[in-house]
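Below is one structure, written out as structure tokens; the observations come after it.
Residue numbers (the numbering used here), protein chains in the order written: chain A, 15 to 198; chain B, 54 to 323; chain C, 271 to 699.
Next comes the structure, spelled out in structure tokens:
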């Protein structure tokens, strides 16, 4: 063991440092598959976007689809529901953010910023308080009522009475035809 | 020491002595054909795999399911060049939509239509290739009691892999040897164990017309479908070989550094 | 063995920890300063290689278990449709775990044969050896349970054949065997109930193995390592501290082994596998040949060499249990085969014998060799090889030690090393 003390420390150390560094890089690269395997798999990602047909939803009714494991509300709004939603001033809202994934953060929560077409309201049906599914056409604003803790939303899905802190989220979606929506 | 090595070597050599006698019914070794993807640096020939997909669709899918392959598996993306068989997302969606996959109960709770047929809907990227028969019993009933196996893993599930598939598909054209009985509803194929195979010759020259102009003799059709089924059994093969090259190169570098570190540590201490 | 340089905690934190849980002291004494014979050759790196293999199996196994479904209807698909095709890097994790089992057994067989060759099982290391045999048997059980999980044809039928062996106990006590097999199966045949419990046990046993490995290393550190000369350490000149000498040396051999491992995983992942396992399990169709993985083929050959089922099972059990007795079977006062010319030859014949048994076990039950017109059924080779296996331990080991003329041992390790007699190429190898 003592034969090596005459070596120049720099040359010996460089070899050990290089070896250690290469080893550490290897460990990092090797760790990646173990981390990435927990990310959504190809099968999950293939389900991450759905096409739905809305032709058969009559006015004044809502259909609930399943999207990424959560309820998706597609509500065919009546003219009354639309006008009630539009009559509200953004300053009266508990949550002024539109919470629309199709728009930038911080966009004001006017009804126009909550829908692509006025008569179709597309929302993620998850109460922003603790995750229960709100019931449609209930509550003081005839929008949604969450029975778990009493949160109420209006006909644009915006929270009007807590304890929910935020408006119901609008997912990424787009009309691919007048009767078809692609969500996600 | 030399005696011991000689002895051990002799024992080992005997291990590789070929067993005797090809008995009647012993499958003939597969034909010696090769594909682009077999070498360590090999990759699937996308054009060939697409031709094979066409053969599967037009010929094999009448009887053989491909349960484990999903329509989104067909997609090749720029981010992941080893994925898929060269189709874009739009093309794969169109392929999927051309198939009918089982649909759940309708709003009335019915699972069959007015003709008693199960309800179906057009396929999406998330769906798998639908089987030609709803269950094993129906498959057997349509094929004189024989069950056409699912082809998703056939290349890995048979000794000889793609060579075996090619040999079976092209091996129907010989006369059985004198005295050999071909059983009813079966065909003579020396590459199949027992020589009596339930599948009629599936491919003939000119059966499929390839849009890229590749000749459609039996050899090309068979090579194409074997290539496609190889991809279906192992869609990650190309990624595996590419990652492997990087991993082994890295390990060689690391081991060389470890070697010199070891020698440096031990200098003078042996 | 007492370490040369006592551990002294250098920071306030390490001093604080040392008086509450001296884990850093333990690590320092076992892996840093531990005096290790200076003449260990590459065959001694396999302990570290085995630790690497166990770690790889556990880590890949745990992440695979995040995606695997232990249900008879879903298991095959969870592996072949989900893990192999959809899960990110799932193919890599599965192939590493499957090839890893083979790499684990390859390393353990080299490790065991090294122990046999250098007499590492002899006093005072008997308990070390016994713990090692226990680890090996746990490995065999773990591998057996693990192979059933993909629920392919070979998974199912190997489970059926091996669990059915217990039914031979009916001949000793009526109904005992069938009661045991029904209890093992949880059903009247191998099925979903069996699969679920095998999954549970497959997840459990590696951690039992890890615990026994801890005991194995503890038992090693009491007397310290054996060495290729088989003579005791007599002075500090015979040893070097484990770190950096053997950490560096073991790391290099682990690197070489990792390269071999990677070549198999990335370029020939189905090399050790059986194509029949890519067909989903079918209780109504038996494959033409039921063959275990290569590392169990020697025992399979022994089992099949005896036509009577119960005797075959006893031979198989006896082959494994024999290993526990080795420290007391070998009568030679000399440890290392380097100085035992007769035992050395018998050892190599034994090694070839195991390879032969493995070959016969990998062939179908009625296979035969054509030797110039004369057909030799392989089962006769297996019988001869099994006789030698048992004779090697129960007859030759006790006798040879008494009669052979051993070579004279060097005075000490340091003398042997410093006298220029290279430790890895002794003259009369």
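We put the CB at the ideal spot given by N, CA and C, even for glycine. Note that the structure is predicted; figures quoted are calculated from it, not measured.
Fewer than three beta-carbon pairs drawn from the stretch 636-647 of chain C and the stretch 568-586 of chain C are found closer than 8 Å, and the two stretches are therefore not classed as touching.
Taking C-beta atoms as the reference points, residue 433/C and residue 410/C fail to come closer than 8 Å. In this structure, the straight-line span from the alpha carbon of residue 438/C to that of residue 447/C is close to 6 Å. Exclusion of the five residues before and after residue 430/C leaves 460 as the residues of its chain whose Cβ lies within less than 6 Å of its Cβ. Closer than 8 Å at the C-beta level to chain C, one finds these residues of the stretch 124-147 of chain B: 126. Excluding residues up to 5 positions away in sequence, 229, 241 lie with their Cβ nearer than 6 Å to the Cβ of residue 235/B in the same chain. Along the stretch 241-266 of chain B, there is no position whose C-beta sits under 7 Å from a C-beta of chain C. Across the stretch 292-316 of chain B, CB contacts with chain A closer than 7 Å involve 303, 306, 307, 310, 311, 313, 314, in sequence order along the chain. Close CB contacts of residue 122/A within its chain, under the 8 Å cut and outside five residues either way in sequence, are with 104, 110, 111, 112 (chain order). Taking a Cβ-Cβ threshold of 7 Å, the residues of chain B close to residue 30/A are 314, in chain order. A Cβ-Cβ distance of about 5 Å is found for the pair residue 370/C and residue 326/C, placing them in contact under the 8 Å criterion. Contacts with chain C at 8 Å (Cβ-Cβ) do not include residue 38/A.
Linking residue 97/A to residue 156/A through their CA atoms gives a straight-line distance of about 13 Å. The continuous stretches of beta strand (DSSP E) do not include residue 161/B, and DSSP gives it neither H nor E. Between the C-alpha atoms of residue 200/B and residue 551/C there is a straight-line separation of about 15 Å.
A straight line joining the alpha-carbon of residue 47/A with that of residue 360/C spans about 8 Å.
If you check each beta-carbon in the stretch 165-188 of chain B against every beta-carbon of chain A, the ones closer than 8 Å belong to 177, 178, 179.
At a cut-off of 8 Å, the C-beta of residue 56/A has a neighbouring C-beta in chain B. As for any alpha helix (DSSP H) of minimum length 4 sitting wholly inside the stretch 644-680 of chain C, the runs are 648-661, 667-673, ordered along the chain.
Collapsing the DSSP output to three states places residue 568/C in a helix. Close CB contacts of residue 116/B within its chain, under the 7 Å cut and outside five residues either way in sequence, are with 185, 196, 201 (chain order).
Taking a C-beta distance under 8 Å as the contact criterion, residue 680/C and residue 494/C do not qualify as a contact pair. Put simply, the backbone Cα of residue 366/C is about 16 Å away from that of residue 295/B. For residue 316/C, no chain B residue has a C-beta closer than 7 Å to its own C-beta; the minimum C-beta separation is roughly 16 Å. In the DSSP assignment, the residues bridged to residue 149/A are 159/A. The way I'd put it, the stretch 374-388 of chain C doesn't touch the stretch 349-363 of chain C; fewer than three beta-carbon pairs between them come closer than 8 Å. Only those residues of the stretch 387-410 of chain C whose C-beta falls short of 7 Å from the nearest C-beta of chain A would be listed, and there are none. Residue 610/C sits in coil when the DSSP states are folded into three classes, being neither helix nor strand. Of all residues in the stretch 496-529 of chain C, those with a C-beta nearer than 7 Å to a C-beta of chain B are 510, 514, 515, 518, 519, 521, 522, 525, 526, 528, 529, reading in chain order. If you draw a straight line from the Cα of residue 535/C to the Cα of residue 549/C, it comes to about 21 Å. DSSP lists 196/A as the beta-bridge partner residues of residue 188/A.
By the criterion of a C-beta distance shorter than 8 Å, residue 179/B is surrounded in its chain by 123, 124, 125, once the five residues flanking it on both sides are discounted. The beta carbon of residue 73/A sits closer than 7 Å to the beta carbons of 90, 92 from its chain, once the five residues preceding and following it are set aside; these are given in chain order. Between residue 599/C and residue 630/C, the C-beta spacing is not below 8 Å. With contacts defined by Cβ atoms closer than 8 Å, residue 126/A and residue 87/A do not form a contacting pair.
Annotation: Cβ neighbours of residue 60/A in chain B (cutoff 7 Å, chain order): 123, 125, 178, 179.
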